[in-house]
Amino acid sequence: MPQQVTHVATDDALTTIYRLGHDEGEDVIAVRVAERLGVTNPTISSTLGRLVRDGLIVIGAGKRISLTPTGTTRAESMIRRHRLAECLLVNVLGLEWWRAYEEAHLLEHAISAVTEPLIQAFLGHPTHSPFGYPIPGNAPEGPLPSETLMDAATGSIVTIDRVFEESEDLLQFFQESGIRAGVNCAVVEHAPARGTVTVAVGEREVVMGLQPASRVWITRTTDR
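Just so you know, we're using the numbering used here here: the sequence shown kicks off at 3 and counts up by one.
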């Protein structure tokens, strides 16, 4: 049996730590990892203990968790396979965009070192997932944009860099609203007192709460 199939819980914890720290710029602590994985605190404590024992993570000041070089390599391998699976599902098989994260999660553990290069070649070595996230090993390395729509002032013209991929309900809203990676939009109104951000996407105005707005990372183009 391929090794990646026998370490699902470990790989899921590692990729969650990677996503929280690298993709979202969060301080990674046990309670956040447990919440994202939907497991209890005792369960995540046991899992983290194994990861420390295996030299995949370190737990430092303030109980902040970080990946070791070995842990980073393993996490990036699984993240790469996951995002390749998303590209395959959406771009080749025509799966609805908002379903891709969950379906790719089922596939990532079944992609082996034998089939991964074949999928890479078939897809043309894509650099980003359908949600805008870089594919490790294919995309240039470096920090990701940390600003979100929640941070953008009224009048800003922005480009969507990536959107949060782990909520099907949120993704369906983004799909219906035209909120996708690479799309340009204008911030019509940022109204913290009302808890909303209004953006113009093409000819459509989209009103969203601050929480969904915080799940859309952007690059600032200009101010009107």
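Built from N, CA and C at the ideal position, the CB exists for glycine as well.
Item                                                                                                                                                       : Value
Taking the alpha carbon of E178 as the point to measure from, which residue in E191, G157 and G204 has its own alpha carbon closest?                       : G204
Assign R21 to one of three DSSP states: helix, strand, or coil.                                                                                            : helix
Cutting at 6 Å between CB atoms, please list the residues of its own chain near E149, excluding the five before and the five after it.                     : I220
How about V185 and T198: do their beta carbons lie closer than 8 Å?                                                                                        : no
Does DSSP classify G51 as helix, strand or coil?                                                                                                           : helix
Since V199 is in the beta strand (DSSP E), which residue starts that stretch and which ends it?                                                            : T198 to V203
Bridge partners of M210, per DSSP?                                                                                                                         : V199
Do R85 and V165 have their C-beta atoms within less than 8 Å of each other?                                                                                : no
Kindly indicate the opening and closing residues of the beta strand (DSSP E) around S216.                                                                  : No beta strand (DSSP E) contains S216, which DSSP labels as neither H nor E.
Quick one: using the 10 Å Cβ neighbour count with 16 as the cut-off for buried, is Q5 buried or exposed?                                                   : Legend: pLDDT at Q5 = 49, less than 50; position of this residue unreliable, value from coordinates given subsequently. Exposed.
Who does V60 pair with in a DSSP beta bridge?                                                                                                              : S68
Under a Cβ-count criterion, where at least 16 other Cβ atoms within 10 Å of its own Cβ denotes burial, should A77 be classed as buried or exposed?         : buried
Quick one: give me the first and last residue of the alpha helix (DSSP H) that V160 is part of.                                                            : Not the alpha helix (DSSP H): V160 falls in the beta strand (DSSP E), residues S158 to V165.
Determine the DSSP secondary structure at P119, reduced to helix, strand or coil.                                                                          : helix
Using 8 Å as the threshold, is the C-beta distance between I61 and V54 below it?                                                                           : yes
Distance, Cα to Cα, T2 vs P145?                                                                                                                            : No answer is possible for residue 2: it lies beyond the span of the chain, which begins at 3 and ends at 226.
State the beta-bridge partners of T150 as determined by DSSP.                                                                                              : W219
Tell me where the alpha helix (DSSP H) around H111 begins and ends.                                                                                        : Careful: H111 lies outside any alpha helix (DSSP H) and carries neither H nor E.
Please determine, among A183, E207, D29 and R196, the residue with the shortest C-alpha to C-alpha distance to V190.                                       : E207
Tell me which residues share the same chain as A102 and place their Cβ nearer than 7 Å to its Cβ, disregarding the 5 neighbours each side in the sequence. : E88, L91, V92 and P132
Pull up the DSSP beta-bridge partners for H192, would you.                                                                                                 : V199
Between which two residues does the alpha helix (DSSP H) holding D29 run?                                                                                  : Careful: D29 lies outside any alpha helix (DSSP H) and carries neither H nor E.
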